[in-house]
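Enquirer: One structure is given below, represented as structure tokens, and several questions about it will come after.
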Amino acid sequence: MSAVGTVGQLLWKDLVVEWRGREILTAMLVFSMLVAVVFNFAFSPSPADAPRLLPGMLWVTLAFASTLGLSRSFVLEHDHGAIEALRLFPFDPSLIYAGKLLANLLYLLAVEILLLPALAAIAGVPLLASAGPLAVILVLGSIGLVAVGTIFSAMSVNTRIREVLLPVLLFPLAAPVLISGVRAMLSVLAGASWGAILPGLRILIAFDVVFLVVGYVIFEFVLEE
Amino acid sequence: MRAIEVEGLTKAFGPIHALRGVTLAVDAGDALVIFGPNGAGKTTLLKTIATLIRPTGGSVRLFGIDPRADVRLRAQIGVVSHQSYLYPGLTGAENLLFAARLYGVSRPAERVARLLETVGLTARAPDLVRTYSRGMAQRLSIARSLVHDPPLLLLDEPYTGLDRQAAGVLTGLLTAMRGTRTIVLTTHSIEQGLALCDRMAILVDGLIAYEAEDGLRDLHAVERIYAECVGVPA
Amino acid sequence: MATLADSEPLDASGGSDWRAGGIWVGGLLAVLGMYMATLYAPTERTMSHAQRIFYVHVPAAWAGFLAFGVVFVCSIGFLWTRRRSYDLAAQASTEVGVVFTTLAIISGAVWGRAAWGTWWTWDPRLTTTFMLWFIYAVSLMVRAYGGPGSQSGRFAAVLGIVGFLDIPLIHLSVVWWRSMHPLPVVVRSEGFGSGLHPAMLQALLVNVAAFTLLYIALSGIRRAQLVAADAVAARREEQRIREGTLAREGTR
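As they're listed, the protein sequences go chains A, B and C.
The numbers in the working numbering rise by one with no breaks, and the one at position 5 of the first sequence is 5.
Every number in the working numbering is 1000 more than the matching position in the second sequence, counting from 1.
Every number in the working numbering is 2000 more than the matching position in the third sequence, counting from 1.
As structure tokens, then:
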């Protein structure tokens, strides 16, 4: 089977299992909405403040929500030794990384599509005008979160502090994504052009490329014994 | 050509040496049983042969080639572990199809249907594995290990916790494939091991303490040898 | 019955004394460096004597980053060759590196407080150093809780590689973020008005050399400890196996 076909098969498996149970998506969505509401109570942003607070709220929420999805996606493999079975197949273990990464990315994007409009409605921030740049920032940032998150989720599922270790690993290392993502969104909501956020986009793209490559290459060492 | 050639295999996990120089060889079509106390390194040895564990030293060759040299060589290995390797959220048929496709089996649907029949799970194939009893799940795992028709089958204490039906299916399959498939089996039950295999080895503290090729019919003799190797007063 | 004494004695001397020598030389250099920092270097214009913390802060930060660079190289070496010596070297460098980085953060905060009245300024370099500190802290957690020895070593190596490649990206993102609310010129840690006076540069270099030497010696000592602990564990294992074998022979 070709590499693309293999990744497709792996992705299909994750999506089918998730579709039947919908545990990951439900958890991520409910959690995200809860956090968003809590933020709104905590800061009670006025219409003037809201554009300033929204990006930070959004990215913090996404960072936490992503850890939910990332860890669940590997618990699925850990529980019945499925990860060992995956390592026995006649393909490169890096393809496992690719398959998981795509699945986690889809879950995260699904949550974002629902969360962003909801947050904006609650906070009273008009988004449609800047939908293009916002979408680009979200997609680039999500790829980055998932690229490193998938590596660390595979690691932490094997430890006895797995729920704690993943966020502790992810947040410092995903800092460039969070920092640039927030900064870029702030500029966009303040009416900046594409040119103003170009440095941030470059950082996000660099992050994505570096860690997709590193993740792909290094994943077999995470799985190996 | 020998199916399995292990030479001076060592594996250290940090400072602990699980395998300390294991050498053994298995001819194609032979069935080898490995006995040994807990912690002897049986699982480590099996997993190293299966390419799941990277050896610290020594070598493993399957059909003359180092299986770690090319990822595609894994297609010749089938493994039955005490873990089921199944996804509870997929149906029985889907679990087998998933494995079949990833092993590149031609006409996967046909093969899966035939395997399901062999292990007696055709009726439950469209049900989620989550709904299976333990015995059914075990039968499915056994079917899964054979989906790509591997010339080499490795079984790590496969009878542990098996119900009678599943044990019967397993014994039937192993007996049927004797001579055509190379089998390596680890087990705690000396009686069962001897019934299924042509040769035996006893692994103690990461080393082969005893090996024998023929004349394994005398259960008591083997039990005595085992007791000696392991250090339990007979 | 075989006892531990029957086999060759473990070499507990920790290797040649170059590490101890390194501590001595490094210590002396550090004393010289402190003298130069306090009395030899001229007083800085805007920040007065508070600026002298710079002579501790910069070398400590340098040592912290150097240590992480070593962790990076050893991590690659470990994943490539699987030799435990690389793992132990990475671990030693991590542990010593976190100490220097902590010192850098604290001295940076004290400097900020003394010079400008605030404990923290989110200056890009200080922030990146702080993030490095976090990555170190997580590395230590992974080594402690990451599972049995070989697994946690492997995971820590992955983290060492990912973390090292991340640092420049963290720095870039902080710089860009900071450009939104730039710090007043005088508060920035680089360029105190004019460039560095030659005597200041000399004092700085001496301290950098001292800290570098101390890092090398300390991580060398720590590594020797880890190697020795390994040898003891392996010897115990051998002992256990030998006793087991003899016990078995005894029952025949």
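Each residue gets a CB set at the ideal place from its N, CA and C atoms; glycine is no exception.
Whole angstroms is fine: what's the gap from Ser-1014 (chain B)'s alpha carbon to Val-2227 (chain C)'s?
Expert: Reading off the sequence, residue 1014 (chain B) comes out as Gly, not Ser. Going by the C-alpha atoms only, they are around 11 Å apart.
Enquirer: With 8 Å as the threshold, decide whether the Cβ of Met-28 (chain A) is near any Cβ in chain C.
Expert: So no, Met-28 (chain A) is outside the interface.
Enquirer: Go ahead and pull the three-state DSSP assignment for Phe-1013 (chain B).
Expert: If DSSP states are grouped into helix, strand and coil, Phe-1013 (chain B) belongs with the strands.
Enquirer: State the DSSP-derived secondary structure class of Ser-2194 (chain C), mapped to helix, strand or coil.
Expert: Note that Ser-2194 (chain C) has pLDDT 47, beneath the 50 cutoff, so the model's placement of it is unreliable and the number below is only indicative. In this structure, Ser-2194 (chain C) counts as coil in the three-state DSSP scheme.
Enquirer: Listed from N- to C-terminal order along the chain, which residues in the region 2134-2146 of chain C have their beta-carbon within a distance smaller than 8 Å of any beta-carbon of chain A?
Expert: Here the close residues are Phe-2134, Ile-2135, Val-2138, Met-2141, Val-2142, Tyr-2145, Gly-2146.
Enquirer: With three or more C-beta pairs closer than 8 Å as the rule, is the region 1098-1108 of chain B touching the region 1049-1065 of chain B?
Expert: The answer is no - the region 1098-1108 of chain B does not touch the region 1049-1065 of chain B, with fewer than three Cβ pairs under 8 Å.
Enquirer: How big is the Cα-Cα spacing for Val-35 (chain A) and Leu-106 (chain A)?
Expert: If you take the alpha carbons of Val-35 (chain A) and Leu-106 (chain A), they lie about 21 Å apart.
Enquirer: Exposed or buried, which one is Trp-2120 (chain C) when buried takes at least 16 other CB atoms within 10 Å?
Expert: With fewer than 16 other Cβ atoms within 10 Å, it is exposed.
Enquirer: Taking the beta strand (DSSP E) that Phe-1035 (chain B) falls in, what are its first and last residues?
Expert: Phe-1035 (chain B) -> beta strand (DSSP E) spans 1031-1035.
Enquirer: Can you tell me whether Thr-1182 (chain B) is helix, strand or coil according to DSSP?
Expert: Residue state, collapsed to three classes: strand.
Enquirer: Between C:Thr-2102, C:Asp-2087, C:Trp-2122, which has its C-alpha nearest Gly-2149 (chain C)'s C-alpha?
Expert: Answer by Cα proximity: C:Asp-2087.
Enquirer: With a threshold of 16 other CB atoms inside 10 Å of the CB of Val-4 (chain A), please say whether the residue is buried or exposed.
Expert: Looking at its Cβ environment, which holds fewer than 16 other Cβ atoms inside 10 Å, Val-4 (chain A) is exposed.
Enquirer: Among residues of its own chain, excluding the 5 on either side of Gly-2191 (chain C), which ones have a beta-carbon nearer than 6 Å to its beta-carbon?
Expert: Here Gly-2191 (chain C) scores only 46 on pLDDT, less than 50, and its place in the model should not be relied on; the value that follows carries that caveat. Closer than 6 Å at the Cβ level, and outside the excluded window around Gly-2191 (chain C), lies no residue.
Enquirer: Have a look at A:Leu-173, A:Ser-180, A:Leu-169, A:Phe-171 and flag the residue whose alpha-carbon is nearest the alpha-carbon of Leu-2172 (chain C).
Expert: Answer by Cα proximity: A:Ser-180.
Enquirer: Rounded to the nearest angstrom, what separates Phe-2211 (chain C) and Ala-2231 (chain C) at their Cα positions?
Expert: One C-alpha to the other measures close to 30 Å.
Enquirer: Any contact of the region 25-45 of chain A with the region 55-75 of chain A, i.e. 3+ C-beta pairs under 8 Å?
Expert: They touch, by the three-pair rule.
Enquirer: Can you list, in chain order, the residues of the region 1103-1129 of chain B whose Cβ is nearer than 7 Å to any Cβ on chain A?
Expert: Result list: Tyr-1103, Gly-1104.
Enquirer: Val-1071 (chain B) versus chain A: which residues are under 9 Å apart at the beta carbon?
Expert: Those within 9 Å of Val-1071 (chain B) in chain A are Phe-89, Pro-90, Phe-91, Asp-92, Pro-93.
Enquirer: Tell me, which residues are paired with Arg-1061 (chain B) by DSSP?
Expert: Answer is B:Glu-1005.
Enquirer: Would Ala-1942 (chain C) and Tyr-2215 (chain C) qualify as a contact pair, given that the criterion is a beta-carbon distance under 8 Å?
Expert: With chain C represented from 2001 up to 2252, any question about residue 1942 (chain C) goes unanswered, as that position is not in the structure.
Enquirer: Given that Arg-160 (chain A) touches chain C, what residues does it touch there, using C-beta distances under 7 Å?
Expert: Those are Tyr-2145, listed as they occur along chain C.
Enquirer: Any C-beta of chain B within less than 7 Å: which residues of the region 177-198 of chain A qualify?
Expert: Flagged: no residues at all.
Enquirer: Please check if any C-beta of chain A sits within less than 8 Å of the C-beta of Ile-1083 (chain B).
Expert: Position check: residue 1083 (chain B) holds Gln in this sequence, whereas Ile was assumed. Yes, Gln-1083 (chain B) counts as interfacial toward chain A.
Enquirer: Straight-line CA distance for Leu-1196 (chain B) to Leu-115 (chain A)?
Expert: When rounded, the distance between both Cα atoms is 59 Å.
Enquirer: May I ask you to report which of helix, strand or coil DSSP gives Arg-1199 (chain B)?
Expert: Strand.
Enquirer: Three or more beta-carbon pairs under 8 Å between the region 1028-1047 of chain B and the region 2159-2168 of chain C, yes or no?
Expert: No contact exists between the region 1028-1047 of chain B and the region 2159-2168 of chain C.
Enquirer: Sort out for me which residues DSSP pairs Leu-1128 (chain B) with in a bridge.
Expert: Answer is B:Thr-1091.
Enquirer: What does Met-1 (chain A) reach in chain B if we use C-beta pairs closer than 8 Å?
Expert: Within 8 Å Cβ-Cβ: Arg-1101, Leu-1102, Gly-1104.
Enquirer: With distance defined between alpha-carbon atoms, name the residue in A:Glu-112, A:Ser-142, A:Phe-39 nearest to Leu-122 (chain A).
Expert: Sequence check: residue 122 (chain A) is Ile here, not Leu. Checked all of A:Glu-112, A:Ser-142, A:Phe-39; the closest Cα to Ile-122 (chain A) is A:Phe-39.
Enquirer: Run down chain B in chain order and give the residues with a C-beta less than 7 Å from the C-beta of Ile-2241 (chain C).
Expert: By Cβ distance, chain B contributes Asp-1205.
Enquirer: Of all the CB atoms in chain A, is at least one closer than 8 Å to the CB of Ala-1075 (chain B)?
Expert: Chain A contact via Cβ: present.
Enquirer: Decide if Tyr-1087 (chain B) is buried, meaning its Cβ has at least 16 other Cβ atoms within 10 Å, or exposed.
Expert: Buried is the call here.
Enquirer: Taking Cβ positions only, does Val-16 (chain A) come closer than 8 Å to chain B?
Expert: Judged by the 8 Å Cβ criterion, Val-16 (chain A) is in contact with chain B.
Enquirer: Could you pull the DSSP bridge partners for Ser-1159 (chain B) from this structure?
Expert: Note on residue identity: the sequence assigns Tyr, not Ser, to residue 1159 (chain B). Bridge partners of Tyr-1159 (chain B): none, in fact.
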